[in-house]
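Protein chains in written order, with our numbering: chain A, 12 to 253; chain B, 10 to 265.
Where is the CB? At the ideal position from N, CA and C, for every residue including glycine.
The structure under discussion appears below in the form of structure tokens.
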Amino acid sequence: MIAIEARNLTKKYKMKTAVDCINLKVESGELFALLGVNGAGKTTTIRMLSCLSAPSSGEAFICGKSCISDPAAVKSVIGISPQDTAVAGNLTVRENLEFMAKIHEFNKEKVNQRVNEMITLFNMDDVQGSRAKTLSGGWKRKLSIAMALISDPDVLFLDEPTLGLDVLARRELWNAIKLLKGKITIILTTHYMEEAEQLSDRIAIMINGKIAEIGTLEELEKISGKTGLENAFVEIAERSKK
Amino acid sequence: MNRIIAFASRNIKEMLREPLSYIFCLGFPLVMLIIMTFVNESIPPEAGMNNFRIDNLSGGIAIFGQTFVMLFTAITVAGDRNGAFLARMYASPMRAIDFIAGYMLPMIVISSIQFLITYAASFIISLITGIELAIGGIASSFIAMLPSSIMFVAFGMIFGTIFNEKSAPGICSIIISLGSFLGGIWFDPDSMGGFLLKLCKCLPFYYCTKMVRSSMVLDFGFEKFILPMIIVVLCAALMSGIASLVFRMKMKADLA
């Protein structure tokens, strides 16, 4: 079943085309990475797919619901963890999760149930009473993802989830993301090759707002004739510039 | 309604856990209340100046305090807009009305708490200075200050929506200065007359102070209470409408 579909999706800002006529299909339960350098159009793509930005042209569907004509329906099935850790700083970890659950109008019983599930899933027992602003970068990212997951969405958008984290925090977050694989459709943007390689089922390489290639790591290696994602990425990027 | 309560609850917790809110919303007005009481004690009775007498001062300080709630509303809204927090909220089922009510309601509650604390302090000062404060006056002032509270919170919403975290407090400080000077908190514009009085009457702040002060002394005459009340209620409704419109427009622009 197709969870995400983009058809000729384009975003233009005055003279600049941030996303240029991209087409992609993501299967349900797949972890799909948008890989590209800064300014490649990854975040703009995610913003359009999560109804945070209207496309200039083209269409996008999440679980069959149109991002353009039915954004409310789309918002009811997605969760997003933005690039900046969007947490309420003066609320505790538990309060942040409760707050998001209440925004989705869960009853008291379900609020407690989902909050406890998230705290268990991300091993946040020890920090659940800590205010979000006092947490380390790694814990903030975990909380941010937990907040995105609290509504039990069908599709999760992770925008540069490990940006700025140290190597240990990054590995820990990867393990948390791996736990979600297969259970939920995930679109992840990153410019870390290793991250895309470790986590993704398929990777779309974005160059200057366009999708240069889509495929599994093996397929991208085959297309580029290079070994390893970094070499494949560089080769595909250089080819697309010519 | 559940979303409004959840968002309002988050905002009130954020504010109550921010030390700056105590300094600005409670500390500063209380300090001014005490300082101006000392000033009043230093003014010789023959000067005939009773602007800083506690029965007059408490109403003025209550309005002065509301201008700081405006500042804090602007900081909260601008702060949320500055980070990715609102982006997360925009991607949730939250609607514009949930945001607007969720921001405004807790600030009105904070403003009411601030009023009660200011008047509790005023009551203590009145016992010390021997100037009687009528309980009925305090109760009617509490009701009278609600429209001005809504108006100042709406001002805060507008500035927080239009301006960023750095410029919104600057704009608010202009309104704080205008509100306190041209609102007649620190002097009596009616006794001065002339251009200054005309200027004061062109702005809503003068009517806010006049209405609360009149209700404090249980003077509900047309000139001193009814007319100012009509003007402040209309301004509060107008500002709330503008705040709602501006937020909706900005939200639409953010999602474009």
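Using CA atoms only, rank isn't needed, just tell me which of the options is closest to residue i.
i                 : options                                : result
Leu35 of chain A  : A:Ile225, A:Lys252, A:Ser235, A:Ser251 : A:Ile225
Ala243 of chain A : A:Glu232, A:Asp177, A:Val88, A:Thr173  : A:Glu232
Met135 of chain A : A:Arg105, A:Ile33, A:Pro66             : A:Arg105
Gly100 of chain A : A:Tyr24, A:Phe133, A:Arg142            : A:Arg142
Thr196 of chain A : A:Met217, A:Leu169, A:Ala65            : A:Leu169
Met166 of chain B : B:Ala87, B:Leu35, B:Ile63              : B:Ala87
Ala112 of chain A : A:Ser162, A:His202, A:Glu205, A:Glu41  : A:Ser162
Ile117 of chain B : B:Lys233, B:Ile239, B:Phe164, B:Lys259 : B:Phe164
Arg213 of chain A : A:Phe43, A:Thr145, A:Lys86             : A:Phe43
Val221 of chain B : B:Glu27, B:Leu42, B:Asp64, B:Phe16     : B:Asp64
Arg97 of chain B  : A:Ile218, A:Ile33, A:Leu160            : A:Leu160
Glu230 of chain A : A:Gly220, A:Ala215, A:Lys221           : A:Ala215
Gly140 of chain A : A:Asp165, A:Thr103, A:Glu183           : A:Thr103
Ile180 of chain B : B:Ile106, B:Phe77, B:Pro102, B:Ile137  : B:Phe77
Asn107 of chain A : A:Lys153, A:Gly236, A:Ser211, A:Met12  : A:Lys153
Ile44 of chain B  : B:Leu227, B:Pro213, B:Trp195, B:Leu142 : B:Trp195
Ser30 of chain B  : B:Met10, B:Ile240, B:Gln123            : B:Gln123
Ile57 of chain A  : A:Glu109, A:Gln209, A:Glu246, A:Ser92  : A:Ser92
Gly57 of chain B  : B:Gly230, B:Val255, B:Ser200           : B:Ser200
Pro237 of chain B : B:Leu136, B:Val255, B:Thr218           : B:Thr218
Leu240 of chain A : A:Leu46, A:Asn186, A:Ile188            : A:Leu46
Asn33 of chain A  : A:Val245, A:Gly236, A:Gly220           : One detail in the question is off: residue 33 of chain A reads as Ile in this sequence, not Asn. Measuring from the Cα of Ile33 of chain A, the nearest candidate turns out to be A:Gly220.
Applying a beta-carbon distance threshold of less than 9 Å, which residues of chain A neighbour residue i?
i                : result
Glu23 of chain B : Ala99, Gly100, Asn101, Leu102
Chain B partners of residue i, CB-CB under 7 Å?
i                 : result
His320 of chain A : Residue numbering for chain A in the displayed model covers 12 to 253; residue 320 of chain A lies beyond these limits and cannot be assessed.
Ile89 of chain A  : Ala100
Asp95 of chain A  : Gly92, Ala93
Thr86 of chain A  : Residue 86 of chain A is actually Lys in this sequence, not Thr. In chain order: Ala100, Ser101, Pro102.
Measuring only the C-alpha atoms, how far is residue i from residue j?
i                 : j                 : result
Phe108 of chain B : Leu247 of chain B : 18 Å
Ala262 of chain B : Ile171 of chain B : 12 Å
Pro115 of chain B : Asn19 of chain A  : 44 Å
Met154 of chain B : Leu125 of chain B : 11 Å
Asn91 of chain B  : Thr85 of chain B  : 10 Å
Met72 of chain B  : Leu80 of chain B  : It is worth fixing the name first, because residue 72 of chain B is Ile in this sequence and not Met. Between Ile72 of chain B and Leu80 of chain B, the C-alpha separation is close to 13 Å.
Phe72 of chain A  : Leu60 of chain A  : 8 Å
Asp31 of chain A  : Leu264 of chain B : 19 Å
Ile184 of chain B : Thr145 of chain A : 34 Å
Ser155 of chain A : Ala223 of chain A : 30 Å
Pro38 of chain B  : Glu116 of chain A : 38 Å
Ile144 of chain B : Leu95 of chain B  : 43 Å
Ile234 of chain A : Glu171 of chain A : 26 Å
Phe1 of chain B   : Ser158 of chain B : An answer regarding residue 1 of chain B cannot be provided, because it is not within the stretch 10 to 265 covered by chain B.
Asn49 of chain B  : Glu27 of chain B  : 33 Å
Met158 of chain A : Ser224 of chain B : 48 Å
Asp197 of chain B : Pro178 of chain B : 27 Å
Cys209 of chain B : Tyr216 of chain B : 9 Å
Glu249 of chain A : Gly75 of chain A  : 35 Å
Tyr99 of chain B  : Leu63 of chain A  : 7 Å
Ile7 of chain A   : Tyr24 of chain A  : With chain A running from 12 to 253 in the structure shown, residue 7 of chain A is simply not present.
Val255 of chain A : Glu206 of chain A : Here chain A has residues from 12 to 253 only, and residue 255 of chain A is not among them.
Ala148 of chain B : Thr173 of chain A : 55 Å
Asp81 of chain A  : Ile198 of chain A : 20 Å
Leu206 of chain B : Ala110 of chain B : 35 Å
Gly148 of chain A : Ala180 of chain A : 8 Å
Glu23 of chain B  : Cys244 of chain B : 28 Å
Cys34 of chain B  : Ile218 of chain A : 50 Å
Thr238 of chain A : Met204 of chain A : 13 Å
Leu176 of chain A : Gly52 of chain A  : 22 Å
Note down, in chain order, every chain A residue with its Cβ under 7 Å from the Cβ of residue i.
i                 : result
Ala15 of chain B  : Phe110, Lys113, Ile114
Pro178 of chain B : Within chain A, no residue comes near Pro178 of chain B; the closest Cβ sits about 18 Å away, beyond 7 Å.
Phe204 of chain B : Chain A residues near Phe204 of chain B: none, gap ~46 Å exceeds 7 Å.
Arg26 of chain B  : Asn101
Asn11 of chain B  : Lys113, Glu116
Ser19 of chain B  : The amino acid occupying residue 19 of chain B in the given sequence is Arg; Ser does not appear at that position. Simply Ala99, Leu102, Phe110.
Run down chain B in chain order and give the residues with a C-beta less than 8 Å from the C-beta of residue i.
i                 : result
Gln139 of chain A : The premise fails here: Gln139 of chain A is roughly 16 Å from chain B at the closest Cβ pair, so nothing lies under 8 Å.
Glu171 of chain A : Correct list: empty, because the minimum Cβ distance to chain B is about 11 Å.
Can you determine whether any heavy atom of the ligand FAD sits closer than 8 Å to the C-beta of residue i, and answer yes or no?
i                : result
Glu55 of chain B : You won't find the ligand FAD in this model; it holds no ligand whatsoever.
At 9 Å on the CB atoms, spell out the chain B contacts of residue i, in chain order.
i                : result
Ala83 of chain A : Pro102, Arg104
Glu70 of chain A : Ordered by position in chain B, no residue passes the 9 Å Cβ test against Glu70 of chain A, which lies about 17 Å from the chain.
At 8 Å on the CB atoms, spell out the chain A contacts of residue i, in chain order.
i                 : result
Leu264 of chain B : Cys62, Leu63, Ser64, Ala65
Exercise. Are three or more beta carbon pairs between the segment 67 to 85 of chain A and the segment 14 to 28 of chain A nearer than 8 Å?
Worked result: Counting Cβ pairs under 8 Å, three or more are found: they touch.
For this session: Would you list, in chain order, the members of the segment 51 to 67 of chain A that have their beta-carbon closer than 9 Å to a beta-carbon of chain B?
Result: So the list reads Arg58, Ser61, Cys62, Leu63, Ser64, Ala65, given in the order they occur along the chain.
Exercise. Taking any Cβ of chain A, which residues in the segment 82 to 108 of chain B have a Cβ under 7 Å from it, in chain order?
Worked result: Gly92, Ala93, Phe94, Ala96, Arg97, Tyr99, Ala100, Ser101, Pro102, Met103
Exercise. If we count Cβ pairs, one from each stretch, closer than 8 Å, do we get three or more for the segment 129 to 136 of chain B versus the segment 180 to 195 of chain A?
Worked result: no
Exercise. If you measure beta-carbon to beta-carbon, which residues of the segment 222 to 235 of chain B are closer than 8 Å to chain A?
Worked result: Sequence-ordered contacts of the segment 222 to 235 of chain B with chain A are nonexistent [C-beta pairs closer than 8 Å].
Exercise. Would the segment 72 to 87 of chain A and the segment 118 to 133 of chain A be scored as touching if the rule is three or more Cβ pairs under 8 Å?
Worked result: no
For this session: Would you list, in chain order, the members of the segment 105 to 131 of chain B that have their beta-carbon closer than 7 Å to a beta-carbon of chain A?
Result: none
Exercise. Going along the chain, which residues of the segment 26 to 38 of chain A sit with their C-beta nearer than 7 Å to a C-beta in chain B?
Worked result: none
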